[in-house]
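Colleague: Count along the sequence shown from 1, add 90, and you get the number used in this note's numbering.
Even glycine gets a Cβ: it sits at the ideal position worked out from N, Cα and C.
Structure below; questions to follow.
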Amino acid sequence: MIMGANLGTTVTNTLVSLGHVRQSNEFRRALAAATVHDFFNLMAVIVLLPVELATGRLSWLARKTADLLLGSGGAEWESPIKAWVKHPVTWLKDALGSVGLADTALGISMVAVGLAVVLVALIAITKNMKTLIAERLERSMNRVLGRGGGIVAIFVGMAVTVAVQSSSITTSILIPMSAAGVITLRNAYPVTLGANVGTTITALLAAMAASGSDALTIALVHTWFNVLGIVILFGIPFLRPLPIRAAELLAELAIRRRSIALMWTLGVFIIIPLIGIAIFR
91 MIMGANLGTT VTNTLVSLGH VRQSNEFRRA LAAATVHDFF NLMAVIVLLP
141 VELATGRLSW LARKTADLLL GSGGAEWESP IKAWVKHPVT WLKDALGSVG
191 LADTALGISM VAVGLAVVLV ALIAITKNMK TLIAERLERS MNRVLGRGGG
241 IVAIFVGMAV TVAVQSSSIT TSILIPMSAA GVITLRNAYP VTLGANVGTT
291 ITALLAAMAA SGSDALTIAL VHTWFNVLGI VILFGIPFLR PLPIRAAELL
341 AELAIRRRSI ALMWTLGVFI IIPLIGIAIF R
């Protein structure tokens, strides 16, 4: 379930990339930057799920780590970004509720407004980046992220995600940056890997505050899955370019036929999971 959740969370940036569908060059870069995250998580599941089912080493590693950390105490931190977002959402809910909408209609209306705000914001970010980001700054950003073979970019992704407590926020920020050509795909890729690890901090903090080792073990399985995925798919040189090449190929195909991007999103995140549930339930 954790592996599936890790893959499912990448749908956000894939949906964000569709906001650039009308501009071919932007859409190619945006979709590639979004789906490189998809492909990494898919490949990590393909590699680590059979290993876990056959040997149980991932859960064993999580249990051993939990035993070492058990009793170390807990901590809790509320992200200020969540607090800033909460008030406008509450105002919107109250405003829509005041017109007498039923719960279902209210929920649909809020989702629609949220999607509209996201799309407008992404369009504004992309246009402003084209205007404000100089070529020199673009080169500097890519040079910094490219240091250490991508290790710096991984730590950048971790730090940002720990701050905002959401890998979707971090990776979705990368999409308009990639679409505008501010950051290259090869530098965006390790940032998404760091975001994968950084997003587990919330579950770890909550689990360490809970009694018993089971909660902490589950949280650590998520962390170790992402760490081992990076060690294997990013650490082994001949495997490192595979997610990038797959994302670039999908983006090129989507440029020729836009429906491929929609088919990918529906197929990977809705149809295949439903088929799997129907077969193995």
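Using a Cβ-Cβ cut-off of 7 Å (strictly less than) and excluding sequence neighbours within five positions of residue 131, which residues of its own chain qualify?
Modeller: Only 96, 97, 100 meet the Cβ criterion.
Colleague: Taking 8 Å as the threshold, find out whether the region 121 to 141 comes into contact with the region 318 to 326 through three or more Cβ pairs.
Modeller: They touch, by the three-pair rule.
Colleague: Can you give me the Cβ contacts of residue 162 inside the same chain, cut-off strictly under 6 Å, excluding the 5 residues immediately before and after it?
Modeller: The predicted position of residue 162 is uncertain, since its pLDDT is 49 and thus under 50; a value taken from the coordinates is nonetheless stated next. Excluding residues within five positions, none has a Cβ falling inside 6 Å.
Colleague: Return the CA-CA distance between residue 121 and residue 289, expressed in angstroms with no decimal places.
Modeller: When rounded, the distance between both Cα atoms is 22 Å.
Colleague: From residue 239 to residue 324, what distance separates their C-alpha atoms?
Modeller: Approximately 10 Å, taken between the alpha carbons.
Colleague: Keeping to the same chain, check which residues put their C-beta closer than 8 Å to that of residue 118; ignore five residues upstream and five downstream.
Modeller: Closer than 8 Å at Cβ, skipping near neighbours: 341, 342, 344, 345.
Colleague: Hey, residue 306 and residue 159 are a contact pair by Cβ (cut 8 Å); roughly how many whole angstroms apart?
Modeller: About 6 Å; that satisfies the 8 Å criterion.
Colleague: When you compare only the Cα positions, how much space is there between residue 263 and residue 246?
Modeller: The alpha-carbon atoms of residue 263 and residue 246 are separated by roughly 13 Å.
Colleague: Run the CB neighbour count on residue 178, radius 10 Å, all protein chains shown included, and call it buried at 16 or more, exposed below.
Modeller: With fewer than 16 other Cβ atoms within 10 Å, it is exposed.
Colleague: Out of 327, 326, 287, state which residue places its alpha-carbon closest to the alpha-carbon of residue 309.
Modeller: Measuring from the Cα of residue 309, the nearest candidate turns out to be 287.
Colleague: Less than 7 Å between the C-beta atoms of residue 303 and residue 156, yes or no?
Modeller: Yes, the Cβ-Cβ distance between residue 303 and residue 156 is below 7 Å.
Colleague: Skipping 5 residues on each side, what residues in its chain have a beta carbon closer than 7 Å to that of residue 129?
Modeller: 333, 336, 337, listed in sequence order.
Colleague: Please classify residue 141 as buried or exposed, where buried requires at least 16 neighbouring CB atoms within 10 angstroms.
Modeller: It counts as exposed.
Colleague: For residue 184, which residues of its own chain have a beta-carbon under 6 Å away from its beta-carbon, when the five flanking residues on both sides are left out?
Modeller: Once the five neighbours on either side are set aside, residue 184 has no close Cβ partner at all.
Colleague: By the DSSP assignment, the alpha helix (DSSP H) with residue 329 in it spans what residues?
Modeller: No alpha helix (DSSP H) contains residue 329, which DSSP labels as neither H nor E.
Colleague: By Cβ distance below 6 Å, which residues in the same chain neighbour residue 124 in space, the five residues on each side in sequence not counted?
Modeller: Cβ within range, chain order: 103, 104, 107, 265.
Colleague: Helix, strand or coil, according to DSSP, for residue 131 in the structure here?
Modeller: In this structure, residue 131 counts as helix in the three-state DSSP scheme.
Colleague: To which residues of the same chain is residue 88 closer than 7 Å at the C-beta, ignoring the five residues directly before and after it?
Modeller: With the chain represented from 91 up to 371, any question about residue 88 goes unanswered, as that position is not in the structure.
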